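A.B. asks: For the sequence shown, counting from 1, position 85 maps to 134 in our numbering; every step adds exactly one.
Glycine included, C-beta positions come from ideal geometry on N, C-alpha and C.
Remember, predicted model here, so these are calculated numbers, not experimental data.
Okay, handing you the structure first.
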Amino acid sequence: MASADISYEELKALMEKGGLLLVDVRSKEEVDRGRIPGSIHIPAVDQVESDMSLDPAAFQQKFGVPKPPQDTPDLVFHCQMGRRGAAATEKARGLGFQKARNYKGGYKEWSEKEGK
């Protein structure tokens with residue numbers, strides 16, 4: 050199975066390519082302080098299973114973006130430092146999103162590299 054982690058450089062490449070669904074699993078308070086552009090917000094790891102199990106129409110209505118197919122390589126989770134992102138990635142893989150990955154640097158690394 051492909052590695053569940055991706056680097057900052059890999060994330061940037063996916064963002065440039067387009068079609069990426071980046072899911073931020075930090076708390077609302079954390080997201081209010083800054084976020085990675087284009088990400089959608091699922092405010093708790095416990096909600097990943099219910100939100101990623103929504104039917105496509107409900108998912109689109111809730112998040113304003115199409116629900117990705119289960120075999121997409123373009124599904125990435127992240128949190129602040131990597132731990133919650135890894136847990137969310139495991140949950141998504143358990144739902145059949147076998148290629149879901151975790152941006153392990155998290156928002157902390159992102160904001161440092163982007164000079165936020």
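Considering Cα atoms alone, identify which of V72, S76 and G83 is closest to E161.
C.D. replies: Checking every option, the nearest Cα to that of E161 belongs to G83.
A.B. asks: Please list the terminal residues of the continuous alpha helix (DSSP H) segment that includes R142.
C.D. replies: Counting along the chain, the alpha helix (DSSP H) containing R142 begins and ends at R132 to G143.
A.B. asks: Got a sec, what are the start and stop residues for the alpha helix (DSSP H) L63 sits in?
C.D. replies: Segment Y57 to K66, the alpha helix (DSSP H) holding L63.
A.B. asks: Helix, strand or coil for V72 per DSSP?
C.D. replies: Three-state result, V72: strand.
A.B. asks: Going by beta-carbon coordinates alone, are K157 and Q119 separated by less than 8 angstroms?
C.D. replies: Not a contact, by the Cβ cut-off of 8 angstroms.
A.B. asks: Once DSSP output is grouped into helix, strand and coil, what is the label at M50?
C.D. replies: The pLDDT assigned to M50 is 46, lower than 50, so where the model puts this residue is not dependable; a value taken from the coordinates is nonetheless given after this. Here M50 sits in coil by DSSP.
A.B. asks: Checking the sheet assignment: what are the DSSP bridge partners for I89?
C.D. replies: Bridge partners of I89: V72.
A.B. asks: Would you mind sorting G62 into buried or exposed? The rule is 16 or more other CB atoms within 10 Å of its CB.
C.D. replies: Note on residue identity: the sequence assigns Ala, not Gly, to residue 62. Exposed is the call here.
A.B. asks: Below 8 angstroms on the Cβ atoms is my guess for K77 versus P92; work out the distance and round it to an integer in Å.
C.D. replies: The pair is a contact, with the Cβ atoms about 5 angstroms apart (cut-off 8 angstroms).
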